[in-house]
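Here is the structure we will look at, set down as structure tokens.
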Amino acid sequence: MSAHILAIDDSRTIRALLTATLEKAGFAVTTAVDGVDGVAKFQDAAADLVITDVNMPNKDGFGVIDDIRQGTVNRAVPVLVLTTESGAALKERARKAGATGWIVKPFDDEALVSVIRRLTGT
């Protein structure tokens with residue numbers, strides 16, 4: 161049984177790259193176009209792991225993490241932040257919000273898949 165990944169990013173290109181990379185590795189993928197869409201889809205997605213961008217319209221990645229961690233569904237799900245940002249302060253803020261890890265764009269396919277496999281046990 162493959163893990164189900166919820167990928168939240170406002171960039172259509174990044175969503176397409178994530179979907180292609182993750183499906184090729186055998187994961188099921190659901191995508192969301194922003195944080196509001198992502199949190200809504202999370203409620204029904206039964207995701208084993210969430211990947212979220214930080215800078216998005218409507219709700220940023222920190223809001224996504226907050227909503228997941230304070231919600232009633234699967235609050236302990238691993239959350240990876242995938243962003244162009246690499247500042248220590250932002251990483252610390254994400255960690256404090258409950259992020260499991262931080263990956264800087266552009267991502268390395270093999271490294272991303274390896275992290276996801278480790279976090280999901282698949």
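Residue numbers (this note's numbering): 161 to 282.
Don't be surprised by glycine CBs; every beta carbon is placed ideally from N, CA and C.
The structure displayed is predicted, hence computed values, not measured ones.
Distance between V193 and D170 (C-alpha atoms, nearest Å): When rounded, the distance between both Cα atoms is 5 Å.
Inter-stretch contact at 8 Å, needing at least 3 Cβ pairs: the segment 197-212 / the segment 230-242: Yes, since at least three Cβ pairs between the segment 197-212 and the segment 230-242 fall closer than 8 Å, the two stretches touch.
Continuous beta strand (DSSP E) stretch holding T244: start and end: Taken as a continuous stretch (DSSP letters only), T244 belongs to no beta strand (DSSP E), as it is neither H nor E.
Best match in K184, T181, D220 for proximity to G198 [C-alpha to C-alpha]: Looking at K184, T181, D220, the one whose alpha-carbon comes closest to that of G198 is D220.
Reference L182; option with closest CA among D208, W262, V233: It is D208.
Nearest candidate by alpha-carbon position, reference R253, set K265, F267, F222: Ranking the options by Cα distance to R253, first place goes to F222.
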